[in-house]
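Novice:
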Amino acid sequence: MIAFSVTGNSVVCWRLLRNHRRRRYQKAHVLFLNLAVADLLVTTVTMTSQTVWEIMGRAWIAGDAFCRVFKVLQTFALASSTYVIVAIALDRHFAIVHPLASCPTPSSLAAAAWVASLLPSLPNLYVFRLVDAGSGISYCASLFYTHKTVSPLARQLYMTSVFLAVFVLPLILLVALYGRILAEIWHQSSALKNGHQTTSSLPKAKVKTVKLTAAIFAAFLVTNVPYMIQELALAFAGSSVSLDRNVVALFGVISASNSAINPFIFLFFQKKSSSSKRRRRFIMPFRKDTVAEGKNGASCSSCRNSGGGPDRYTSSTKSQSTVYTLSSRDANRRSPSSEQRADPNT
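Residues in the sequence shown are numbered from 1 upward in steps of one, following the UniProt record's numbering.
#1: Quick check on DSSP: helix, strand or coil for residue 103?
#2: Which value, in whole angstroms, describes the spacing of the CA atoms of residue 124 and residue 189?
#3: I'd like the ranges of any alpha helix (DSSP H) spanning at least 4 consecutive residues and lying wholly in the region 92-174.
#4: Going by C-alpha to C-alpha distance, which of 181, 46, 91 and 212 sits closest to residue 27?
#5: Checking 8 Å against the spacing of the C-beta atoms, do residue 219 and residue 265 come in under that value?
#6: Shortest alpha-carbon distance to residue 147 belongs to which of 161, 135, 17 and 128?
#7: Do the region 46-62 and the region 98-115 meet, that is, are 3 or more Cβ pairs less than 8 Å apart?
#8: Expressed to the nearest angstrom, what Euclidean distance is found between the alpha-carbon atoms of residue 137 and residue 117?
#9: For a test of the three-state rule: what should DSSP assign to residue 59, helix, strand or coil?
#10: Among residues of its own chain, excluding the 5 on either side of residue 177, which ones have a beta-carbon nearer than 7 Å to its beta-carbon?
#11: In whole angstroms, what is the alpha-carbon distance linking residue 181 and residue 248?
#12: For residue 187, count neighbouring Cβ atoms within 10 angstroms of its own Cβ and tell me buried if that reaches 16, exposed if not.
#13: Identify whether residue 81 lies in helix, strand or coil by the three-state DSSP scheme.
#14: I believe residue 1 touches residue 215 by the beta-carbon criterion, under 8 Å. Please report the beta-carbon distance rounded to the nearest angstrom.
#15: For residue 163, I'd like the list of residues in its chain whose CB is within less than 7 Å of its CB, leaving aside the five on either flank, ordered along the chain.
#16: Alpha helix (DSSP H) containing residue 39: first to last residue?
#17: The alpha helix (DSSP H) that contains residue 7, what's its start and end?
#18: Could you tell me whether the region 155-162 touches the region 104-118, where touching means 3 or more Cβ pairs closer than 8 Å?
#19: Is the Cβ of residue 49 closer than 8 Å to any Cβ of chain B?
#20: How many angstroms separate the CA atom of residue 68 from the CA atom of residue 31?
#21: Kindly indicate the opening and closing residues of the alpha helix (DSSP H) around residue 253.
#22: Using only the alpha-carbon positions, how far apart do residue 139 and residue 70 sit?
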């Protein structure tokens with residue numbers, strides 16, 4: 001899973017940066033680039049380091065300061081991935097529901113997501129510390145498990161606040177934002193069906209991006225809700241709830257797998273978009289070759305080569321097809337009058 005996550009997110013970063021250099025960069029892509037970077041952080045800081053730590057039997061050899069910083073970075077990585085997903089939902093909400101309002105730029109939304117990720121992470125500087133277990137072995141552990149004077153209520157309050165900030169509140173925001181987005185799309189489609197509108201104010205590009213972000217939101221739900229329920233149950237039920245260690249580890253892996261799934265969702269939608277563009281490029285030349293009627297009712301092919309010089313046309317676009325009309329001045333210049341045709345010396 002670590003290899004999949006690193007590969008997928010690296011490919012997403014490479015493609016988005018390449019499109020930026022080729023000036024094919026959409027504003028919303030700033031947020032997807034930040035999501036790929038956040039998922040890379042989850043993969044390296046949280047998943048990989050936790051795996052190495054478990055292999056070492058959770059023994060800590062890096063000192064007290066790095067123990068605290070390490071736990072801050074782990075929570076920061078998880079929170080940043082979640083908050084960037086919320087920022088993407090906010091950007092789509094502004095684009096669909098309030099298209100004409102003055103809205104924050106994707107770059108400012110991404111910056112706000114990174115800053116907000118620090119809030120639930122910084123308390124770990126105090127909560128975690130180096131604990132000497134004897135025999136020269138030390139552990140990076142929470143004071144809730146190492147200090148007997150700390151009440152279980154304090155641990156419950158801490159766990160509740162972290163889960164509210166990292167999972168529950170973002171989940172509530174995502175549900176509310178996508179609810180408004182879906183309601184607006186349904187309203188637009190209903191107006192079109194009932195004849196109240198002749199054209200939709202929602203471009204296909206916006207609808208495609210909404211589908212992409214909705215798929216990312218669905219992946220967030222599937223991978224994180226079981227882990228949220230498990231951790232809250234362990235925090236409040238305590239010893240009355242006994243879960244197998246393998247089950248606890250499995251839920252943790254499923255939660256972290258969200259960072260491995262996100263890039264492949266993005267690449268899947270990008271592949272569909274590229275396929276549709278190739279189909280349009282194949283079809284459009286045949287549509288443009290369709291003979292259109294000129295001003296005098298004659299086809300363009302009948303006007304061609306009617307005079308001595310090369311034909312000159314003025315083009316106008318109607319209903320996404322090109323209509324060629326012959327300039328009347330050029331037509332008179334190339335078509336001799338009846339008197340000129342009668343007198344060969346003219």
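Backbone N, C-alpha and C fix where the C-beta goes; we use that ideal spot for every residue, glycine too.
Specialist: Checking against the coordinates, here is how it stands:
#1: Along the sequence shown, read from residue 1 onward, the residue named residue 103 stands at position 103. In the structure shown, residue 103 sits in coil (DSSP, three-state: anything other than H, G, I, E or B).
#2: Here residue 124 refers to the residue found at position 124 of the sequence shown. Here residue 189 refers to the residue found at position 189 of the sequence shown. Roughly 48 Å separates the two Cα atoms.
#3: 106-116, 124-127, 143-146 and 152-163
#4: To locate residue 27, count along the sequence shown from 1; it is residue 27. Ranking the options by Cα distance to residue 27, first place goes to 91.
#5: Position 219 of the sequence shown, counted from the start, is the residue given in the question as residue 219. Position 265 of the sequence shown, counted from the start, is the residue given in the question as residue 265. In this structure, residue 265 lies closer than 8 Å to residue 219 by Cβ.
#6: For the purposes of this step, residue 147 is identified with residue 147 of the sequence shown, where counting begins at 1. Ranking the options by Cα distance to residue 147, first place goes to 128.
#7: no
#8: Residue numbering aside, residue 137 sits at position 137 when the sequence shown is read from its first letter. Residue numbering aside, residue 117 sits at position 117 when the sequence shown is read from its first letter. The alpha-carbon atoms of residue 137 and residue 117 are separated by roughly 32 Å.
#9: Mapped onto the sequence shown, residue 59 falls at position 59. If DSSP states are grouped into helix, strand and coil, residue 59 belongs with the strands.
#10: Residue 177 sits at position 177 when you count from the first residue of the sequence shown. Cβ neighbours of residue 177 beyond the five flanking positions: 89, 90 and 93.
#11: Position 181 of the sequence shown, counting from 1, holds the residue named residue 181. Position 248 of the sequence shown, counting from 1, holds the residue named residue 248. Their Cα atoms are separated by approximately 35 Å.
#12: The count along the sequence shown starts at 1 and reaches residue 187 at position 187. By the neighbour-count rule (16 or more Cβ atoms within 10 Å), residue 187 is not buried but exposed.
#13: As a working mapping, residue 81 is identified with position 81 in the sequence shown. Residue 81: helix per DSSP, three-state reduction.
#14: By one-based count along the sequence shown, residue 1 stands at place 1. By one-based count along the sequence shown, residue 215 stands at place 215. Residue 1 to residue 215, Cβ: 19 Å. No contact.
#15: In the sequence shown, the residue the question calls residue 163 occupies position 163. Result list for residue 163: 228, 231 and 232, in chain order.
#16: In the sequence shown, residue 39 corresponds to position 39, counting from 1. 29-41 is the extent of the alpha helix (DSSP H) around residue 39.
#17: Looking up residue 7 in the sequence shown gives position 7. Start and end: 2-21.
#18: no
#19: The structure shown has no chain B; it contains just one protein chain.
#20: Against the sequence shown, residue 68 aligns to sequence position 68. Against the sequence shown, residue 31 aligns to sequence position 31. Answer to the nearest angstrom: the Cα atoms are 29 Å apart.
#21: By 1-based counting over the sequence shown, the position of residue 253 is 253. Element bounds for residue 253: 245-256.
#22: Residue numbering aside, residue 139 sits at position 139 when the sequence shown is read from its first letter. Residue numbering aside, residue 70 sits at position 70 when the sequence shown is read from its first letter. Approximately 13 Å, taken between the alpha carbons.
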